[in-house]
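As structure tokens, the structure follows; a few thoughts come after it.
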Amino acid sequence: MTDDGFEFAVRTFWEKRAEQAAKQIAEGREDAGTRGSVTGGAHLDALTLLMVRHFTEVLNYPQSSIYLGKKAELPGFYRPTKQWDLVVKVGEQLVAAIEFKSQSGSFGNNFNNRTEEAIGSAVDTRRAIEAGLMGKARPWLGYVFVLEDVEASTKPASRDFKPAFKADPAFQGRPSYAERYRHLCKRLLEDQLYDAACFVLAPKDVERPITQPDDDLTFSRFIGSLNEHVKRESGL
Numbered sequence: 003m004t005d006d007g008f009e010f011a012v013r014t015f016w017e018k019r020a021e022q023a024a025k026q027i028a029e030g031r032e033d034a035g036t037r038g039s040v041t042g043g044a045h046l047d048a049l050t051l052l053m054v055r056h057f058t059e060v061l062n063y064p065q066s067s068i069y070l071g072k073k074a075e076l077p078g079f080y081r082p083t084k085q086w087d088l089v090v091k092v093g094e095q096l097v098a099a100i101e102f103k104s105q106s107g108s109f110g111n112n113f114n115n116r117t118e119e120a121i122g123s124a125v126d127t128r129r130a131i132e133a134g135l136m137g138k139a140r141p142w143l144g145y146v147f148v149l150e151d152v153e154a155s156t157k158p159a160s161r162d163f164k165p166a167f168k169a170d171p172a173f174q175g176r177p178s179y180a181e182r183y184r185h186l187c188k189r190l191l192e193d194q195l196y197d198a199a200c201f202v203l204a205p206k207d208v209e210r211p212i213t214q215p216d217d218d219l220t221f222s223r224f225i226g227s228l229n230e231h232v233k234r235e236s237g238l
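Here the sequence shown is numbered in my numbering, starting from 3 and rising by one per residue.
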């Protein structure tokens, strides 16, 4: 899988958002605009389909093993079920599950929600896996996050964090939302909640480059982790 294919998929993220917002405006929907482009759903379809092709064309899983949308629902441990964005399942064995998340605007309002969601989904699914609900082999879990590359997401925070105890060193010095998401993704891997994570900064301006600000969180590392896990883990 080429970096060009990945960058093309990320570029279409903004195109899809614009299409969704325009459609909702035309239909007279009340949430048209920024929120409309998010609630329309499917804005990360290109990345999802890129991964589907990798599973079917590179890793040779049958199309019938791919589950998307409402069909990509897995059993939970602390709750009955959790819907992922992409699930690969062969017989009674879960092969892989991937979450595709993004954020554009409203950074302050959504950061904690995205963080809690990422942690909660992984912990819940990991415990369900440990309970033997998804096969005997250890499946691979992946997390992809696309953040709008704009001043509001990359500039330092406007205030210091002052919790009841001293903040973690990583969050001292007014880190930007981009830095906070980078730390989130790194620590999700350190604690083995996900097997791989990909963090991307994507500007709307097509003249500006898409960047992957951490070598441990690149798409090539993400794909490499998946390939190695499938090759190494017996039963997948």
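Ideal Cβ positions, reconstructed from N, Cα and C, are used throughout, including at glycine.
- The count of Cβ pairs closer than 8 Å, one atom from the stretch 105-113 and one from the stretch 146-154, reaches three, so the stretches are in contact.
- Contact between F201 and R184 holds: their C-beta atoms lie close to 6 Å from each other, under 8 Å.
- Restricting attention to alpha helix (DSSP H) runs no shorter than 4 residues, the stretch 146-182 encloses them at 153-156, ordered along the chain.
- Of the residues L52, I212, Y145 and P141, the one whose Cα lies closest to the Cα of H231 is P141.
- Looking at the DSSP output, W142 bridges to A98.
- Look at V208 here: in three-state DSSP terms it is coil, with no helix or strand label.
- By the Cβ criterion, the stretch 115-133 is in contact with the stretch 75-87, since at least three pairs of Cβ atoms, one from each stretch, lie closer than 8 Å.
- A Cβ-Cβ separation of about 5 Å places E9 in contact with I212 under the 8 Å criterion.
- Counting of Cβ neighbours within 10 angstroms places R116 among the buried residues, the total reaching 16 or more.
- Residue burial annotation: G175 is exposed, with fewer than 16 other C-beta atoms found within 10 angstroms of its C-beta.
- Exclusion of the five residues before and after F173 leaves F163 as the residues of its chain whose Cβ lies within less than 6 Å of its Cβ.
- Straight through space, the alpha carbons of W86 and E75 are spaced by roughly 6 Å.
- E75 carries a strand assignment under DSSP once its states are collapsed to helix, strand and coil.
- DSSP places S104 in the strand class (E or B) of the three-state scheme.
- Per DSSP, L135 lies in no beta strand (DSSP E) segment and is marked neither H nor E.
- Counting other Cβ atoms within 10 Å of its Cβ, G144 reaches 16 or more and is therefore classed as buried.
- Taking the C-beta atoms as reference points, R128 is found nearer than 9 Å to L195.
- A199 has Y145 as its beta-bridge partners, per DSSP.
- Shown here for T83: same chain residues with a beta carbon closer than 8 Å to its own, the five before and five after excluded, namely E75, L76 and P77 in chain order.
- One alpha carbon belongs to K138, the other to D207, and they sit about 46 Å apart.
- As a beta-bridge residue in DSSP terms, L88 pairs with L70 and I100.
- When S155, P205, R161 and D193 are compared, the shortest CA-CA separation from E181 is found for S155.
- DSSP, read as helix, strand or coil, puts T117 in helix.
- P205 and T14 have their C-alpha atoms some 11 Å from each other.
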